[in-house]
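Residue numbers (the working numbering): 3 to 304. Reading through the structure tokens given below for one structure.
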């Protein structure tokens, strides 16, 4: 067997899966031109065009699709074999790519990431935040972090938080000027900031109290997909915000924000770290799972 083409075949598979030389190059830490050269080498060696290339897109040819279908499981087996070998190291190492909602990154990962990196200095952690429902397998991620209600059934899920709540909050100045709503229906008379999903849909203001639910179609001068923008607008007294309690608990504690309708804000299952059930868990991912698992483990040196 001629093993010389193997590195170029792995490059082809990554470019074909990502549909982009630029994204594949960023993952590998090399230039896009280097990957293009590698693809030309394998195409020349095989005498077959594997990728359609335009200035805006990359897609496998029919031959490329057939080759990718055979390569993908083989490369996955190689990854598992390397992970098994890596498990014999004294310390977990290698790259760990995670995809997660921005709110999860702020509330859960930011307080823990420094300690994790100091405990496992041989791990290279890459975190991508995205509030859309991302296919972590197609995106080349080792794991994702989402609310439990967003997970697919074929994923292994590990809890990394307790129950969470969404809370409606406003500044003392806003509440002095406009009053506090007594019921969810009263929100229609208030200035409320809205969050937009990547899909374009609006995040609903949904409340629950002892089994009774209320979904309010609020309105206001601000729509954003960035929770920090909405939080700042509420702190500045411009209106009411509906955010995860973890993003505003410090401001509630020191009085800069006041929760309204507290009886209508019930908790629900929180965030989970998830990964495909068919995937071998690398030592790096196992270390991260053990670090983030809820309730938090005692922090001991690995």
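Virtual Cβ for every residue (Gly too), placed ideally from N, Cα, C.
Between the segment 98-117 and the segment 234-244, are three or more C-beta pairs nearer than 8 Å? Put simply, the segment 98-117 does not touch the segment 234-244. Fewer than three CB pairs are less than 8 Å apart.
By DSSP, does residue 194 sit in helix, in strand, or in coil? Indexing the chain shown from 1 puts residue 194 at position 192. Note: residue 194 maps to strand in three-state DSSP.
Leaving out five residues before and five after residue 297 in sequence, what residues of the same chain have Cβ atoms less than 8 Å from its Cβ? To locate residue 297, count along the chain shown from 1; it is residue 295. For residue 297, the CB contacts under 8 Å within the same chain, skipping 5 residues up- and downstream, are 164 in chain order.
Using a Cβ-Cβ cutoff of less than 6 Å, which residues in the same chain neighbour residue 210 once the five nearest sequence positions on both sides are dropped? By 1-based counting over the chain shown, the position of residue 210 is 208. So the qualifying residues of the chain are 268.
Could you round the C-beta distance between residue 277 and residue 158 to whole angstroms and report it? I think they count as a contact, below 8 Å. Sequence index remark: in the chain shown, residue 277 carries index 275 (1-based). Sequence index remark: in the chain shown, residue 158 carries index 156 (1-based). Indeed, because the Cβ distance is near 6 Å, the residues count as touching under 8 Å.
Considering only their Cβ atoms, is the gap separating residue 260 from residue 177 smaller than 8 Å? Translated into positions along the chain shown, residue 177 becomes position 175. Translated into positions along the chain shown, residue 260 becomes position 258. Yes, the Cβ-Cβ distance between residue 177 and residue 260 is below 8 Å.
Given this structure, state the Cα-to-Cα distance separating residue 285 from residue 202, to the nearest angstrom. Translated into positions along the chain shown, residue 285 becomes position 283. Translated into positions along the chain shown, residue 202 becomes position 200. Roughly 38 Å separates the two Cα atoms.
Count the other C-beta atoms from every protein chain shown that fall within 10 angstroms of the C-beta of residue 19, then say buried if there are 16 or more, exposed otherwise. The residue you call residue 19 lines up with position 17 of the chain shown. Under this definition residue 19 is a buried residue.
Nearest-angstrom Cα separation, counted from residue 299 out to residue 3: Start at 1 with the first residue of the chain shown, and residue 3 comes out as number 1. Start at 1 with the first residue of the chain shown, and residue 299 comes out as number 297. Only weak support is given to the placement of residue 3: the predicted model assigns it a pLDDT of 47, under 50, and the value that follows is read from those uncertain coordinates. Straight-line spacing of the CA atoms in residue 3 and residue 299 works out to 48 Å.
Residues of its chain near residue 293, where Cβ-Cβ distance is below 6 Å and the 5 sequence neighbours each way are ignored: In the chain shown, counting from the first residue as 1, residue 293 sits at position 291. Answer for residue 293: 118, listed in chain order.
Excluding the five sequence neighbours on either side, which residues of its own chain have a C-beta within less than 7 Å of the C-beta of residue 221, listed in chain order? Reading the chain shown from its first residue, position 219 is the one you call residue 221. Counting only Cβ-Cβ distances below 7 Å, and skipping sequence neighbours, we find 194.
According to the Cβ coordinates, are residue 30 and residue 287 closer than 8 Å? Start at 1 with the first residue of the chain shown, and residue 30 comes out as number 28. Start at 1 with the first residue of the chain shown, and residue 287 comes out as number 285. Residue 287 is positioned such that its CB atom lies no closer than 8 Å to that of residue 30.
Residue 150 and residue 136 - do their beta-carbons sit closer together than 8 Å? In the chain shown, counting from the first residue as 1, residue 136 sits at position 134. In the chain shown, counting from the first residue as 1, residue 150 sits at position 148. No. Outside cutoff.
What is the DSSP secondary structure of residue 217, reduced to helix, strand or coil? If you number the chain shown from 1, residue 217 lands on position 215. In this structure, residue 217 counts as strand in the three-state DSSP scheme.
If I measure Cβ to Cβ from residue 128 and keep anything under 8 Å in the same chain, skipping five residues before and after, which residues do I get? Against the chain shown, residue 128 aligns to sequence position 126. Within the same chain, residue 128 has close Cβ partners 97, 98, 99 and 100.
Count the other CB atoms within 10 Å of the CB of residue 174; is the residue buried (16 or more) or exposed (fewer)? Here residue 174 refers to the residue found at position 172 when the chain shown is read from its first residue. With fewer than 16 Cβ atoms within 10 Å of its Cβ, residue 174 is classed as exposed.
Check each candidate in 231, 93, 25 and 17 and name the one with the smallest Cα separation from residue 305. Because the chain is modelled from 3 through 304, residue 305 falls outside the range shown and cannot be assessed.
Which residues bound the alpha helix (DSSP H) around residue 176? Residue 176 sits at position 174 when you count from the first residue of the chain shown. Secondary structure note for residue 176: its alpha helix (DSSP H) is the uninterrupted segment 174-180.
Boundaries (first-last residue) of the beta strand (DSSP E) holding residue 294: As a first step, residue 294 must be located in the chain shown, where it is residue number 292. According to the DSSP assignment, residue 294 belongs to no beta strand (DSSP E) but to the alpha helix (DSSP H) extending over 285-294.
Sequence-distant residues of the same chain with beta carbon closer than 6 Å to residue 196, five excluded per side: Stepping through the chain shown from its first residue, residue 196 is reached at position 194. The beta carbon of residue 196 lies closer than 6 Å to those of 204 and 225 in the same chain, with the five residues before and after it left out.
Starting from residue 24, follow the alpha helix (DSSP H) in both directions and report where the run begins and ends. For this step, residue 24 is matched to residue 22 along the chain shown. It spans 23-30 - the alpha helix (DSSP H) in which residue 24 sits, taken as one unbroken run.
Buried versus exposed call for residue 140 [16 or more other C-beta atoms within 10 Å across all chains shown]: Taking the first residue of the chain shown as position 1, residue 140 is located at position 138. Residue 140 comes out exposed.
Do you know how far the Cα of residue 252 is from the Cα of residue 228? The count along the chain shown starts at 1 and reaches residue 228 at position 226. The count along the chain shown starts at 1 and reaches residue 252 at position 250. Approximately 19 Å, taken between the alpha carbons.
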